[in-house]
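To start, the structure itself, in structure tokens.
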Amino acid sequence: MADSSRSPTKRTRLSQNDVVGHGHQPLLPGLPDDIAQVCLSLVHPSVLFSVCTSWRRLIYSSSFPPFLSLYALLTSSSSPNSIQFYSFDPLSSNWHALPATPPDPPLRLFLRHPSFISRDLPIQSVSVSGNLVLVAATTSNLLPALPRPLVFDPVAKKWAFGPPLATPRRWCSAGALGGAVYVASGIGSHFSIDVARSVEKWDLTKNKKHPNDHLGWEWEKARGLRDGRFSRDAIEAVGWRGKLCMVNLKGDAVKEGLMYDVEKDTWQDMPEGMIGGWKGPVAAMDEEVMYVVDEAKGALRRYNPEKDVWVEILESERLIGADQIAGGGGRVCVVCRGKILVVDVTAAAPSFWDVKTPLGLEAVAIHILPRMSNAV
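Here the sequence shown stands for residues 1 to 376, where the numbers follow the UniProt record's numbering.
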């Protein structure tokens, strides 16, 4: 997960204050720091981290390409409706709390409700254009909790509000593709067939003049669904090769599947092999390679579009009951009964390991995004 997400030729010039304070030491003796930075950017960040303090500061500076980190929505079993946001740094193996969300209006997300003892209420979040976006959730009185999305920018280390939704909703299909967030179907303050068939798109790259300017953002209507059958469950809509792929139910049940072609603004049926193997949470790495965890068998599989089949990568009882997955940097990260497992899918013999959550906390959802600046 420590792969860089920016080209060495597209970084900003390094100033001495980015890396060190007083008593400056050169990054590489005999070279100006801006030249040394270009050279060091070709080295894996995990190597730089372990050598010296000045190099460690360099990789967390705003001028260095940000490596990928794990972001998690966490909760406590003793206080399940207190959602906390953390980032896991794969270089230092430390968790860092994200800055507090805006106090006005206060964020009230209900994960567990007395009326639904055996089931968690969904908190839906997506990662798009290097940002973590909270899209939909439920309040204590079973109403939509988010009239507009809440966005965290890891590089700026700031939260911001997105544009108001035409209809705030919950139990919807939420996903990202090509720098845009999509929300489809779901339920508003009450069930409406118009809402259940509607699709909204928010392009985070449009009308954005500079990194801290959120003016001009707005939701746009996309072609609606043919019926309201996709309002039955909270679903991750998966962005893959220019299409948004979604099913109407979670888990191993028989389900319907659709694919939205962004360029053509059309919906089409999902291929038989794709929907037949959609037996658990699904994610697409770099919007190119799609992975699923069969939650009943604990099998991680990769989709082969040429043959319309899912190819098994590994199987483990530790993956049984998987709730959500995310892919990035050659890793597939899995939330399974509150725990986090990471699978290296680039290895000839794929291996996996645990990422222990902060003491007393369990994972609700995970995302792979650029590291926070100045995390050390």
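C-beta: ideal position from N, C-alpha, C; glycine also. The structure displayed is predicted, hence computed values, not measured ones.
Which partner residues of residue i appear in the DSSP bridge assignment?
{"i": "W202", "result": "V181, W219"}
{"i": "G328", "result": "R331"}
{"i": "A237", "result": "G175"}
{"i": "L258", "result": "M246, D269"}
{"i": "V282", "result": "V292"}
{"i": "A97", "result": "Y86"}
{"i": "P144", "result": "T138"}
{"i": "S170", "result": "At residue 170 the sequence reads Arg, which differs from the Ser that was named. Bridge partners of R170: I187."}
{"i": "R318", "result": "Per DSSP, none; premise fails for R318."}
{"i": "T75", "result": "E362"}
{"i": "S69", "result": "L369"}
{"i": "A299", "result": "D294, E315"}
What is the DSSP secondary structure of residue i, counted as helix, strand or coil?
{"i": "V38", "result": "helix"}
{"i": "D194", "result": "helix"}
{"i": "G30", "result": "coil"}
{"i": "M290", "result": "strand"}
{"i": "I366", "result": "strand"}
{"i": "M372", "result": "coil"}
{"i": "R232", "result": "coil"}
{"i": "R226", "result": "coil"}
Identify the continuous alpha helix (DSSP H) that holds residue i and give its terminal residues.
{"i": "I59", "result": "53-59"}
{"i": "L48", "result": "45-49"}
Quick one: is residue i buried, meaning 16 or more other Cβ sit within 10 Å of its Cβ, or exposed?
{"i": "L42", "result": "exposed"}
{"i": "G251", "result": "exposed"}
{"i": "C336", "result": "buried"}
{"i": "H190", "result": "exposed"}
{"i": "V238", "result": "buried"}
{"i": "D294", "result": "buried"}
{"i": "K209", "result": "Any reading at K209 needs caution, since the residue's pLDDT is 46, under 50, leaving its predicted position unreliable; the model's value is listed next. It counts as exposed."}
{"i": "W202", "result": "buried"}
{"i": "E200", "result": "buried"}
{"i": "T266", "result": "exposed"}
{"i": "S77", "result": "exposed"}
{"i": "S4", "result": "Reliability fails at S4, whose pLDDT of 44 lies under 50, so the model's placement of it is uncertain and the value that follows must be treated cautiously. Buried, since its Cβ has 16 or more Cβ neighbours within 10 Å."}
{"i": "H367", "result": "buried"}
{"i": "N131", "result": "buried"}
{"i": "G298", "result": "buried"}
{"i": "I35", "result": "exposed"}
{"i": "R169", "result": "buried"}
{"i": "L359", "result": "exposed"}
{"i": "R119", "result": "exposed"}
{"i": "T167", "result": "buried"}
{"i": "Q124", "result": "buried"}
{"i": "Q25", "result": "exposed"}
{"i": "Q268", "result": "exposed"}
{"i": "P149", "result": "buried"}
Near residue i, which residues of its chain fall below 7 Å by C-beta distance, leaving aside the five closest residues on each side in sequence?
{"i": "E256", "result": "R229, V247, N248"}
{"i": "W171", "result": "P122, G186, I187, S231, D233, A234"}
{"i": "V311", "result": "R301, R302, N304"}
Near residue i, what residues of its chain come up, given a Cβ to Cβ distance below 8 Å and the 5 sequence neighbours on each side ignored?
{"i": "K243", "result": "L177, M259, Y260, D261, V262"}
{"i": "P370", "result": "S5, P66, F67, L68, S69, G130, P154, V155"}
{"i": "I59", "result": "P45, L48, F49, F67, L91"}
In its own chain, which residues sit with a C-beta less than 6 Å from the C-beta of residue i, not counting the 5 before and 5 after it?
{"i": "I235", "result": "S173, M246"}
{"i": "E272", "result": "none"}
{"i": "D323", "result": "V335"}
{"i": "P80", "result": "L111, R112"}
{"i": "A326", "result": "A283, C333, I366, H367, I368"}
{"i": "S140", "result": "F110"}
So the beta strand (DSSP E) residue i belongs to, where does it begin and stop?
{"i": "E315", "result": "309-315"}
{"i": "I83", "result": "79-89"}
{"i": "Q124", "result": "124-128"}
{"i": "F64", "result": "Note, F64: premise wrong, no beta strand (DSSP E); not H, not E."}
{"i": "V355", "result": "351-355"}
{"i": "L150", "result": "150-153"}
{"i": "K264", "result": "No beta strand (DSSP E) holds K264; DSSP gives it neither H nor E."}
{"i": "F161", "result": "158-161"}
{"i": "V343", "result": "339-344"}
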